[in-house]
Amino acid sequence: MATSTTWLLRPLQERSTQLFLGILTAALAVVTILHLAMPEDSALHVSAYTVTLLGKYLCYALLAVAVDLVWGYLGILSLGHGAFFALGGYAMGMYLMRQIGDRGTYGDPVLPDFMVFLNWDSLPWYWHGFDMAWFAFAMVLLVPGALAFVFGYLAFRSRVTGVYLSIITQALTFALMLAFFRNEMGFGGNNGLTDFRDILGFNLRTDATRLGLFIATGIALAIGYVICRGIVTSKLGRVSIACRDAEARTRFLGYRVERVQLFVFVVSAMLAGVAGALYVPQVGIINPSEFSPLFSIEVVVWVALGGRATLYGAVIGALLVNYAKTVFTGVMPDAWLFALGGLFVLVTVFLPKGIAGLLQKRRKAPEKDRSNPQEATA
Amino acid sequence: MSMLEQLTNRDQVFDFLAPVASPVDVRHGPILYMEDVNVSFDGFKAINNLNLTIDDGELRCIIGPNGAGKTTMMDIITGKTRPDTGSVWFGSRHNLLTMNEPDIATLGIGRKFQKPTVFEALTVFENLELAMAADKRILPTLTAIMKPENREQIDEVLEMIGLTALRDKPAGILSHGQKQWLEIGMLLMQKPRLLLVDEPVAGMTEQEMERTAELLTSLAGKQSVVVVEHDMGFVRSIARQVTVLHQGSVLAEGTMDQVSNDPEVIKVYLGEEA
Numbered sequence: 007m008a009t010s011t012t013w014l015l016r017p018l019q020e021r022s023t024q025l026f027l028g029i030l031t032a033a034l035a036v037v038t039i040l041h042l043a044m045p046e047d048s049a050l051h052v053s054a055y056t057v058t059l060l061g062k063y064l065c066y067a068l069l070a071v072a073v074d075l076v077w078g079y080l081g082i083l084s085l086g087h088g089a090f091f092a093l094g095g096y097a098m099g100m101y102l103m104r105q106i107g108d109r110g111t112y113g114d115p116v117l118p119d120f121m122v123f124l125n126w127d128s129l130p131w132y133w134h135g136f137d138m139a140w141f142a143f144a145m146v147l148l149v150p151g152a153l154a155f156v157f158g159y160l161a162f163r164s165r166v167t168g169v170y171l172s173i174i175t176q177a178l179t180f181a182l183m184l185a186f187f188r189n190e191m192g193f194g195g196n197n198g199l200t201d202f203r204d205i206l207g208f209n210l211r212t213d214a215t216r217l218g219l220f221i222a223t224g225i226a227l228a229i230g231y232v233i234c235r236g237i238v239t240s241k242l243g244r245v246s247i248a249c250r251d252a253e254a255r256t257r258f259l260g261y262r263v264e265r266v267q268l269f270v271f272v273v274s275a276m277l278a279g280v281a282g283a284l285y286v287p288q289v290g291i292i293n294p295s296e297f298s299p300l301f302s303i304e305v306v307v308w309v310a311l312g313g314r315a316t317l318y319g320a321v322i323g324a325l326l327v328n329y330a331k332t333v334f335t336g337v338m339p340d341a342w343l344f345a346l347g348g349l350f351v352l353v354t355v356f357l358p359k360g361i362a363g364l365l366q367k368r369r370k371a372p373e374k375d376r377s378n379p380q381e382a383t384a
Numbered sequence: 002m003s004m005l006e007q008l009t010n011r012d013q014v015f016d017f018l019a020p021v022a023s024p025v026d027v028r029h030g031p032i033l034y035m036e037d038v039n040v041s042f043d044g045f046k047a048i049n050n051l052n053l054t055i056d057d058g059e060l061r062c063i064i065g066p067n068g069a070g071k072t073t074m075m076d077i078i079t080g081k082t083r084p085d086t087g088s089v090w091f092g093s094r095h096n097l098l099t100m101n102e103p104d105i106a107t108l109g110i111g112r113k114f115q116k117p118t119v120f121e122a123l124t125v126f127e128n129l130e131l132a133m134a135a136d137k138r139i140l141p142t143l144t145a146i147m148k149p150e151n152r153e154q155i156d157e158v159l160e161m162i163g164l165t166a167l168r169d170k171p172a173g174i175l176s177h178g179q180k181q182w183l184e185i186g187m188l189l190m191q192k193p194r195l196l197l198v199d200e201p202v203a204g205m206t207e208q209e210m211e212r213t214a215e216l217l218t219s220l221a222g223k224q225s226v227v228v229v230e231h232d233m234g235f236v237r238s239i240a241r242q243v244t245v246l247h248q249g250s251v252l253a254e255g256t257m258d259q260v261s262n263d264p265e266v267i268k269v270y271l272g273e274e275a
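Now the structure itself:
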């Protein structure tokens, strides 16, 4: 038994992972203390609004880590990871809808408001079970995982890779977006799911619950990071890098490349699903716009900015870009996309290895560089 | 259907679950046996009634002008190309014509292609680690732990290919010759019975060539090695047995001196250089 968990414990002995977890814990602690202990009129007080905003950033960071796992280490540029994020979010949203009970506008004890509005008389079959937390939380993992499995099985078995795969992932998320926009799908159409009240019996509108969700997201990010780090530092991680750089050679060594790709892709999709599930209760709504191809591309930009194939770079990229987005859209909403595009161009030209590359360069003994020199700008 | 039949066999319960263990059998002769092999591509006869046997532990050089069918021959042995007629046996037990590429690789035929392909982002040590004979399914790979004997095996190969000092350097920084060696080392980690080496000294300096010659000759005896090479000086330095291919069939076979004095050979091949 000891050997089967070694891969997961290995990262904990690693300095870079310890540093990452230390900084994350410290950040969570500081925000919690400043939120709880500082009086509201103090300049150091962190408001509940900011706590939730930071929680949202952490969800994005987890999503970015998931994308970096497949893009950085496996060479699969997924332009559709938003789909897995949104599916996880919808699973959580369905649970939260069922928790509303008869407190909705129409007061129906079972049917969510939008179904009453559409004159539906009973719950569609796929909504059953979502009143139970354990079932819904299992679906958060299983639905994105199953979609990734079926999609990946078909794509990797046919040896679809590179730009073609990216285009198909993009089509996947776009197709799902169109499907979820339809009222007949039973997921609230373009309004999505909202008006949530409770999660696990805690009122979502209290500051304490929001803080709890923020901390839970931080813990999820830590666990997700350790899982990914465990995979990439294992022999399987080196095999994925081998698949990324010389697929045919890897196959010739006796590895089933398509199975390696499928495994990592499914793990990544599940992590994205968890990120989506934690995102929904914090922002209070899930609608089909999360499936938008643009969002998935934005995630890739975060990872590229932070630095591919480092994992912590993805976290840095997600946090920085989203902070910049919050600031920019507050000051000059129209300029944001130009700023994002400009930033992307600048980083690609001057920092091909992203911010993480800059950090590595500054260190005396740089950590082993895992990115493929030939593909650094691809 | 065959699985169903196996289930109804009374003497074999779940036979298909048992690992297939059938070692290569060389008690009755050569490790590789090719007889009357023919391949044609769109009417062009790439291999024409080829007969070739390689003995266990032999080091054999195969030479021949461009288009003589050297690479096609390797493709047939590794399962990449299927011949139109003929038979190819590995030992006296395995019919290679019924097997696919990964199975043939697992059985013990390693192949080095002309262009060296190593994993440039990984270190020299890690390249060898991935090539090591091991359970290569997903979960065993995820939970794999480097055992001391694995480490020793890798160190041994590192020593053999002369890359011990560079073990923790990424393979991308190696010179062309060093990459060739690393790839030969990766083949050795797979513990093959038969090594097919396609142009191992292409692009090497004199010194590197000498070391490669040493390396290949030291392998013979433990493994069977088939080397396809253009460089006559190199072939002369390592070869005990040389086979000359011409237009898809064997033109001459013997020691280097014998074949280089053969008038037919001089006419079609060596003559060009003399």
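Chains as they are written, first to last, in our numbering: chain R, 7 to 384; chain U, 2 to 275. Beta carbons are placed, not taken as given, at the ideal position from N, Cα and C, and that holds for glycine. The structure presented is a predicted model; accordingly, all values stated were derived computationally and were not measured.
Taking LEU189 of chain U as the centre and dropping the five residues before and after it, the same chain places the C-beta of VAL158 closer than 6 Å to its C-beta, in chain order. Per DSSP, reduced to three states, the secondary structure at TRP90 of chain U is strand. Boundaries of the beta strand (DSSP E) harbouring GLN242 of chain U: 242-247, taken from the DSSP string. Rounded to the nearest whole angstrom, the C-alpha separation of GLY107 of chain R and THR200 of chain R is 13 Å. Cβ atoms of GLY282 of chain R and ILE361 of chain R stay farther apart than 8 Å, at about 25 Å.
Note on the region 236-286 of chain R: whole alpha helix (DSSP H) runs with a minimum of 4 residues are 241-251 and 253-258, in chain order. In this structure, the CA atom of VAL166 of chain R is about 26 Å from the CA atom of ILE233 of chain R. Contacts between LEU242 of chain R and chain U, judged by CB atoms closer than 8 Å, involve ILE139, THR142, LEU143 and ALA145 in chain order.
GLN24 of chain R sits exposed, since fewer than 16 C-beta atoms from the chains shown fall within 10 Å of its C-beta. Only residues of its own chain outside the window of five on either side were considered, and among them LEU60 have a CB closer than 6 Å to the CB of ALA221 of chain U, listed in chain order.
Listed along chain U, the residues sitting closer than 9 Å to PHE269 of chain R by beta-carbon distance are ILE139, LEU140 and LEU143. Taking CB atoms only, VAL272 of chain R has no neighbour in chain U less than 8 Å away. DSSP links SER225 of chain U through a beta bridge to U:LEU195.
Listed by position along chain R, the residues whose Cβ is nearer than 9 Å to that of THR107 of chain U are GLY260. In this structure PRO287 of chain R is buried. Its beta-carbon is surrounded by 16 or more other beta-carbon atoms within 10 angstroms. The beta strand (DSSP E) runs lying completely inside the region 151-216 of chain U and spanning 3 residues or more are 195-199, given in chain order. In the structure shown, ALA145 of chain U adopts coil according to DSSP, grouped into three states. Between the C-alpha atoms of SER246 of chain R and PHE344 of chain R there is a straight-line separation of about 35 Å. Using a CB distance below 8 Å, no part of the region 307-325 of chain R faces chain U.
Interface annotation, THR23 of chain R: not in contact with chain U, CB-CB separation never under 8 Å. For the C-beta of ARG163 of chain R, not a single chain U residue is nearer than 8 Å; the gap to the nearest is close to 15 Å.
Burial state of ILE174 of chain U is exposed, judged by a 10 Å Cβ sphere holding fewer than 16 other Cβ atoms.
Contact check for ASN39 of chain U and GLY87 of chain U: beta-carbon distance about 6 Å, within the 8 Å limit, so the pair qualifies.
If you draw a straight line from the Cα of LYS241 of chain R to the Cα of ASP199 of chain U, it comes to about 29 Å. Taking C-beta atoms as the reference points, GLY61 of chain R and GLU296 of chain R fail to come closer than 8 Å.
When C-beta atoms of the region 49-66 of chain R are compared with those of the region 152-163 of chain R, fewer than three pairs fall below 8 Å, so the two segments do not count as touching. Membership of THR56 of chain R in the alpha helix (DSSP H) is indicated by the continuous run 54-78. The three-state secondary structure of ASN197 of chain R, taken from DSSP, is helix. Here the region 116-127 of chain U lies against the region 250-259 of chain R, with 3 or more beta-carbon pairs under 8 Å apart.
A direct Cα-Cα distance of roughly 25 Å separates LEU311 of chain R from VAL37 of chain R. A check of alpha carbon separations from LEU75 of chain R across R:PHE141, R:TRP13 and R:ALA275 identifies R:ALA275 as the nearest. Contact check for LEU68 of chain R against ILE205 of chain R fails: the beta carbons are separated by 8 Å or more. Secondary structure note for LEU171 of chain R: its alpha helix (DSSP H) is the uninterrupted segment 168-187.
ALA89 of chain R: not part of any beta strand (DSSP E); member of the alpha helix (DSSP H) spanning 87-106, first to last residue.
Remark: fewer than three beta-carbon pairs, one from each stretch, lie closer than 8 Å, so the region 255-267 of chain R and the region 159-172 of chain U are not flagged as touching.
CA-CA distance, ALA43 of chain R to PHE193 of chain R, rounds to 41 Å.
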